[in-house]
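Trainee:
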Amino acid sequence: MRADFAQIMRWVPEQAHVLDLGCGDGMLLDTLSRDKHITGYGLEIDPEGITACLARGVDVMEQDLDGGLDNIGDDAFDVVIMTQALQVLRRPDLMLDEMLRVARECIIAFPNFAYWRHRLYLGLNGRMPVSRALPHEWYDTPNIHLSTFKDFRRLCDQQGHRIIDQAVGNGHHQTHWSAERWPNLFGQTAIFRIQR
Amino acid sequence: MPDTMPSTSVGLVTPRTETFETPLALACGKELPGFELVYETYGELNADASNAVLVCHALSGHHHAAGYHDLEDRKPGWWDAYIGPGKSIDTRRFFVVCVNNLGGCHGSTGPQSINPATGQNWGPAFPLVTVEDWVHSQAMLADRLGIERFAAIVGGSLGGMQVLQWAITYPDRLANAAVIAATPKLSAQNIAFNEVARQAIRSDPDFHDGWYEQHGTLPKRGLKLARMIGHITYLSEHSMGTRFGRDLRTDSLNYGYDVEFEVESYLRYQGDAFSTRFDANTYLLMTKALDYFDPASLHQGDLSKALAHTRCPFLIVSFTTDWRFAPARSRELANALMRAKRPVSYANIDSPFGHDAFLLPNDRYEAVFTAFMTRAYHDMTRRAA
Numbered sequence: 107m108r109a110d111f112a113q114i115m116r117w118v119p120e121q122a123h124v125l126d127l128g129c130g131d132g133m134l135l136d137t138l139s140r141d142k143h144i145t146g147y148g149l150e151i152d153p154e155g156i157t158a159c160l161a162r163g164v165d166v167m168e169q170d171l172d173g174g175l176d177n178i179g180d181d182a183f184d185v186v187i188m189t190q191a192l193q194v195l196r197r198p199d200l201m202l203d204e205m206l207r208v209a210r211e212c213i214i215a216f217p218n219f220a221y222w223r224h225r226l227y228l229g230l231n232g233r234m235p236v237s238r239a240l241p242h243e244w245y246d247t248p249n250i251h252l253s254t255f256k257d258f259r260r261l262c263d264q265q266g267h268r269i270i271d272q273a274v275g276n277g278h279h280q281t282h283w284s285a286e287r288w289p290n291l292f293g294q295t296a297i298f299r300i301q302r
Numbered sequence: 036m037p038d039t040m041p042s043t044s045v046g047l048v049t050p051r052t053e054t055f056e057t058p059l060a061l062a063c064g065k066e067l068p069g070f071e072l073v074y075e076t077y078g079e080l081n082a083d084a085s086n087a088v089l090v091c092h093a094l095s096g097h098h099h100a101a102g103y104h105d106l107e108d109r110k111p112g113w114w115d116a117y118i119g120p121g122k123s124i125d126t127r128r129f130f131v132v133c134v135n136n137l138g139g140c141h142g143s144t145g146p147q148s149i150n151p152a153t154g155q156n157w158g159p160a161f162p163l164v165t166v167e168d169w170v171h172s173q174a175m176l177a178d179r180l181g182i183e184r185f186a187a188i189v190g191g192s193l194g195g196m197q198v199l200q201w202a203i204t205y206p207d208r209l210a211n212a213a214v215i216a217a218t219p220k221l222s223a224q225n226i227a228f229n230e231v232a233r234q235a236i237r238s239d240p241d242f243h244d245g246w247y248e249q250h251g252t253l254p255k256r257g258l259k260l261a262r263m264i265g266h267i268t269y270l271s272e273h274s275m276g277t278r279f280g281r282d283l284r285t286d287s288l289n290y291g292y293d294v295e296f297e298v299e300s301y302l303r304y305q306g307d308a309f310s311t312r313f314d315a316n317t318y319l320l321m322t323k324a325l326d327y328f329d330p331a332s333l334h335q336g337d338l339s340k341a342l343a344h345t346r347c348p349f350l351i352v353s354f355t356t357d358w359r360f361a362p363a364r365s366r367e368l369a370n371a372l373m374r375a376k377r378p379v380s381y382a383n384i385d386s387p388f389g390h391d392a393f394l395l396p397n398d399r400y401e402a403v404f405t406a407f408m409t410r411a412y413h414d415m416t417r418r419a420a
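Top to bottom, those sequences are chains A and B.
Numbered by the numbering used here, the letters in the first sequence go through residues 107 to 302 in order.
Numbered by the numbering used here, the letters in the second sequence go through residues 36 to 420 in order.
Given below as structure tokens:
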């Protein structure tokens, strides 16, 4: 299982009603429904992702996240999850508010731009980092709002949201001790658990 | 009919008729003393009768959804693209039932049938039937066929509304619902188009208040107009544009009112063909069934409440260029189900063909529909195990 998924699984309560923004092929929701008996929906815009969700019986709605969540009522869900989608949104700040409107708690995972390899790449090559977590060139990347572990903490502070837990994912491996101590440097994926 | 029967066709099919002697109480307050339903089936019903799929037809549809009646048939049934061996509704797995709805003009009891009270045809005296009435009569047919619970009920347009009604009225009698290119209720614009179509029929001097058969006439002009209007709403501006553009039938403009543009010729042809093929009284009552459909009305307009007691997973599908029942209407339905915390998936299929897209081959539509039906099949076999 993806390292960030394993962490998210630990944070989602049993039988929660969950919304997964940018749910891809529905793997996370599928696993959550089996292991944590959750209910809920994924929102996705990629046709292949949607078909994959249907095939595995994950409920999925075709919806563009940049259009907001105005079709979803306040507190309609227990938890909203967004993995690897924050950085592709036009306004991540507005989405954060929206997520904490439709649920009291949200879990967000995104690539940490300050990961040491990215810093090294930029420092040594003088070019935008390309890595396993950020496989695109600067001109064709869907990631239009890359940020760091620290940046995101600041955004939450500014918007008055409370980070109640955080973790780092390190590729497919178990989290290394160094990432626990210096997440902004050694964490490849930042994972936050936030409440309003 | 193609030269050789394709392996993905259900092949030659024969409609069957079931007669019901028990009276059917209708939503309008009247009662049908008894009735007949004409239907077709494809595939085999399994031993525990758990693999049945009910296909509901749209406004001008009928029971002939797939395959051919005759080796000479030019075209297969109306949903042949999606029903057959290896297709979205795979007849190697499912037993498919498609019924001509009550009030229809393809064999089921309707305005052209004999009214036992008068010994004459019902004509305009045939009671207005609603989507609910259809669903009740379909359930009676299901009883007759030994089907307690459908593995899925599916339909497009007005057919999709029947699916929705099934899920509301008989929540325990379907395991899955696919509502395609439909709407939870008609908009004022939708009703307006229907009303123009009705007025076209009713103002035809040959209509005789619906007693045209007694007068030995047929309101062909009215029905033709009604179909022409309807047809415009089934296509998109884009599909009309690419198919006909401003192409002329003649070499140059002839400054008169005969057919000049290709699109005029097409609409007239469609209207003419329909005016002899379809019954005007049936067309009128079918448009009324459309107008009346509004399951939320029993719940102060709250669609979520109307759907709160449904029990099956839904697939909602819309098409990007459909302006008759636009994607927003399907989204409304999907959102209401999500609010009610019912299992629902929604896909908006990119197609240039407007409302008609639900009948036409389309790779993504097929992938979505197939994925849903395949999951329905696996759930069914898992339940049986």
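All residues carry an ideal CB built from backbone N, CA and C; glycine is no exception.
1) Which of helix, strand or coil does DSSP assign to Y301 (chain B)?
2) So what does DSSP say about I114 (chain A), is it helix, strand or coil?
3) Leaving out five residues before and five after H171 (chain B) in sequence, what residues of the same chain have Cβ atoms less than 8 Å from its Cβ?
4) Measuring only the C-alpha atoms, how far is Y147 (chain A) from T157 (chain A)?
5) Expressed to the nearest angstrom, what Euclidean distance is found between the alpha-carbon atoms of F255 (chain A) and Y227 (chain A)?
6) So Y269 (chain B) packs on G389 (chain B), CB below 8 Å; how close in whole Å?
7) Can you find the residues in the same chain that come closer than 7 Å, C-beta to C-beta, to Q147 (chain B), ignoring five residues on each side of it along the sequence?
8) My parser needs the alpha helix (DSSP H) runs of 4 or more residues fully inside the segment 189 to 263 of chain A; what are they?
9) Could you tell me the alpha carbon to alpha carbon distance between V124 (chain A) and V186 (chain A), rounded to whole angstroms?
10) Following the continuous beta strand (DSSP E) through E154 (chain A), name the residue where it begins and the one where it ends.
11) Does DSSP classify I267 (chain B) as helix, strand or coil?
12) Under 7 Å between beta-carbons, which chain B residues line up against A161 (chain A)? List them in chain order, please.
13) If you count every other CB in all the chains shown that lies within 10 Å of the CB of Y290 (chain B), and 16 or more means buried, which is it?
14) Nearest-angstrom Cα distance between Q272 (chain A) and A296 (chain A)?
15) From the DSSP output, read off the bridge partner residues of V189 (chain B).
16) Given a cut-off of 8 Å on the beta-carbon distance, is the pair T43 (chain B) and K122 (chain B) in contact?
17) Alpha carbon to alpha carbon, how far is T76 (chain B) from A210 (chain B)? Give it in angstroms, no decimals.
18) List the residues that DSSP assigns as beta-bridge partners of Y290 (chain B).
19) List the DSSP bridge partners of E53 (chain B).
20) Tell me the DSSP secondary structure of D316 (chain B) in three-state form.
21) Which residues, taken in chain order from the segment 368 to 392 of chain B, show a beta carbon closer than 8 Å to some beta carbon of chain A?
22) Work out the CA separation of G128 (chain A) and L257 (chain A) for me, nearest whole Å.
23) Compare the C-beta of G155 (chain A) with all C-beta atoms of chain B and state if any pair is closer than 8 Å.
24) Quick one: which unbroken beta strand (DSSP E) runs of 3-plus residues sit fully inside the segment 356 to 408 of chain B? Chain order, please.
25) Could you check the C-alpha separation between A363 (chain B) and Q249 (chain B) for me, to the nearest Å?
26) Would you report the Cα separation of W169 (chain B) and E66 (chain B), rounded to the nearest angstrom?
27) For G158 (chain B) and N383 (chain B), which I take to be in contact (beta-carbon distance under 8 Å), what is that distance rounded to the nearest angstrom?
28) Report yes or no: is there a C-beta of chain A within less than 8 Å of the C-beta of R399 (chain B)?
29) Spell out the partners DSSP gives S353 (chain B) in its beta bridges.
30) Thinking C-beta only, is T57 (chain B) closer than 8 Å to G69 (chain B)?
31) Starting from the beta carbon of V403 (chain B), find every residue of chain A whose beta carbon is closer than 9 Å, and list them in chain order.
32) Would the segment 252 to 267 of chain B count as touching the segment 296 to 311 of chain B if we require 3 or more Cβ pairs under 8 Å?
33) If we count the other Cβ atoms within 10 Å of its Cβ and call it buried at 16 or more, is N231 (chain A) buried or exposed?
34) Where does the unbroken alpha helix (DSSP H) through F279 (chain B) begin, and where does it stop?
35) Do you know whose CA, among B:H413, B:E401, B:R418 and B:R417, lies nearest E154 (chain A)'s CA?
36) Just to confirm, are F55 (chain B) and S192 (chain B) a CB contact at a threshold of 8 Å?
Mentor: The short version:
1) Indexing the second sequence from 1 puts residue 301 (chain B) at position 266. Residue state, collapsed to three classes: helix.
2) The residue labelled residue 114 (chain A) in the question sits at position 8 within the first sequence. Of the three classes helix, strand and coil, the one that applies to I114 (chain A) here is helix, per DSSP.
3) Against the second sequence, residue 171 (chain B) aligns to sequence position 136. If we look at H171 (chain B) and ignore the five residues flanking it on each side, its Cβ neighbours are L59 and T204.
4) Along the first sequence, read from residue 1 onward, the residue named residue 147 (chain A) stands at position 41. Along the first sequence, read from residue 1 onward, the residue named residue 157 (chain A) stands at position 51. Cα to Cα, Y147 (chain A) sits roughly 14 Å from T157 (chain A).
5) In the first sequence, the residue the question calls residue 255 (chain A) occupies position 149. In the first sequence, the residue the question calls residue 227 (chain A) occupies position 121. Each residue's Cα considered, the two are about 18 Å apart.
6) By one-based count along the second sequence, residue 269 (chain B) stands at place 234. By one-based count along the second sequence, residue 389 (chain B) stands at place 354. Indeed they touch by this definition, with Cβ atoms about 6 Å apart.
7) On the second sequence, residue 147 (chain B) is found 112 positions in, with the first residue counted as 1. Excluding residues within five positions, the ones whose Cβ falls inside 7 Å are C140, N156 and D314.
8) 198 to 208 and 222 to 231
9) For the purposes of this step, residue 124 (chain A) is taken as the residue at position 18 of the first sequence. For the purposes of this step, residue 186 (chain A) is taken as the residue at position 80 of the first sequence. Taking the Cα positions, V124 (chain A) is about 6 Å away from V186 (chain A).
10) For this step, residue 154 (chain A) is matched to residue 48 along the first sequence. E154 (chain A) -> not in any beta strand (DSSP E); alpha helix (DSSP H) instead, spanning P153 to R162.
11) On the second sequence, position 232 is the one that residue 267 (chain B) refers to. Per DSSP, reduced to three states, the secondary structure at I267 (chain B) is helical.
12) Mapped onto the first sequence, residue 161 (chain A) falls at position 55. What A161 (chain A) touches in chain B: A406, T409 and R410.
13) Taking the second sequence and counting its residues from 1, one reaches residue 290 (chain B) at position 255. So Y290 (chain B) ends up on the exposed side.
14) Here residue 272 (chain A) refers to the residue found at position 166 when the first sequence is read from its first residue. Here residue 296 (chain A) refers to the residue found at position 190 when the first sequence is read from its first residue. Those two C-alpha atoms are separated by around 8 Å.
15) For the purposes of this step, residue 189 (chain B) is identified with residue 154 of the second sequence, where counting begins at 1. The partner list for V189 (chain B) (beta bridge, DSSP) reads B:V90 and B:A213.
16) The sequence position of residue 43 (chain B) within the second sequence is 8, counting from 1. The sequence position of residue 122 (chain B) within the second sequence is 87, counting from 1. Yes, they are a contact pair.
17) The residue labelled residue 210 (chain B) in the question sits at position 175 within the second sequence. The residue labelled residue 76 (chain B) in the question sits at position 41 within the second sequence. Distance between the alpha carbons of A210 (chain B) and T76 (chain B): 19 Å.
18) Indexing the second sequence from 1 puts residue 290 (chain B) at position 255. Paired residue(s): none; Y290 (chain B) is not in a bridge.
19) Counting from one through the second sequence, the residue named residue 53 (chain B) turns up at place 18. B:L72.
20) Taking the first residue of the second sequence as 1, we reach residue 316 (chain B) at position 281. Reading off the sequence, residue 316 (chain B) comes out as Asn, not Asp. Correct three-state label for N316 (chain B): helix.
21) A369, N370, M373, R374, K376, P378, V379, S380, Y381, A382 and N383
22) As a working mapping, residue 257 (chain A) is identified with position 151 in the first sequence. As a working mapping, residue 128 (chain A) is identified with position 22 in the first sequence. First, the amino acid is wrong: residue 257 (chain A) is Asp here, not Leu. It is roughly 22 Å from the alpha-carbon of D257 (chain A) to the alpha-carbon of G128 (chain A).
23) Position 49 of the first sequence holds residue 155 (chain A). Chain B, which has no Cβ nearer than 8 Å to the Cβ of G155 (chain A), makes this no.
24) Listed in chain order, the beta strand (DSSP E) elements of length 3 or more contained wholly in the segment 356 to 408 of chain B are 379 to 384.
25) Indexing the second sequence from 1 puts residue 363 (chain B) at position 328. Indexing the second sequence from 1 puts residue 249 (chain B) at position 214. Those two C-alpha atoms are separated by around 45 Å.
26) By 1-based counting over the second sequence, the position of residue 169 (chain B) is 134. By 1-based counting over the second sequence, the position of residue 66 (chain B) is 31. Whole-angstrom Cα-Cα distance: 13 Å.
27) Position 123 of the second sequence, counted from the start, is the residue given in the question as residue 158 (chain B). Position 348 of the second sequence, counted from the start, is the residue given in the question as residue 383 (chain B). With a Cβ gap of about 42 Å, G158 (chain B) and N383 (chain B) do not count as contacting.
28) Along the second sequence, one-based indexing puts residue 399 (chain B) at 364. It does: the Cβ of R399 (chain B) has a partner Cβ on chain A nearer than 8 Å.
29) Taking the second sequence and counting its residues from 1, one reaches residue 353 (chain B) at position 318. Note: S353 (chain B) sits in a beta bridge opposite B:N383.
30) As a first step, residue 69 (chain B) is located in the second sequence; it is residue number 34 there, counting from the start. As a first step, residue 57 (chain B) is located in the second sequence; it is residue number 22 there, counting from the start. Result yes, Cβ atoms of G69 (chain B) and T57 (chain B) sit closer than 8 Å.
31) Sequence index remark: in the second sequence, residue 403 (chain B) carries index 368 (1-based). The contacting residues are P153, I156, T157 and L160.
32) yes
33) To locate residue 231 (chain A), count along the first sequence from 1; it is residue 125. When all chains shown are included, N231 (chain A) counts as exposed.
34) Numbered from its first residue, the second sequence carries residue 279 (chain B) at position 244. Where F279 (chain B) is concerned, there is no enclosing alpha helix (DSSP H), given that its DSSP letter is neither H nor E.
35) Looking up residue 154 (chain A) in the first sequence gives position 48. Checked all of B:H413, B:E401, B:R418 and B:R417; the closest Cα to E154 (chain A) is B:E401.
36) Stepping through the second sequence from its first residue, residue 55 (chain B) is reached at position 20. Stepping through the second sequence from its first residue, residue 192 (chain B) is reached at position 157. Not closer than 8 Å, so no.
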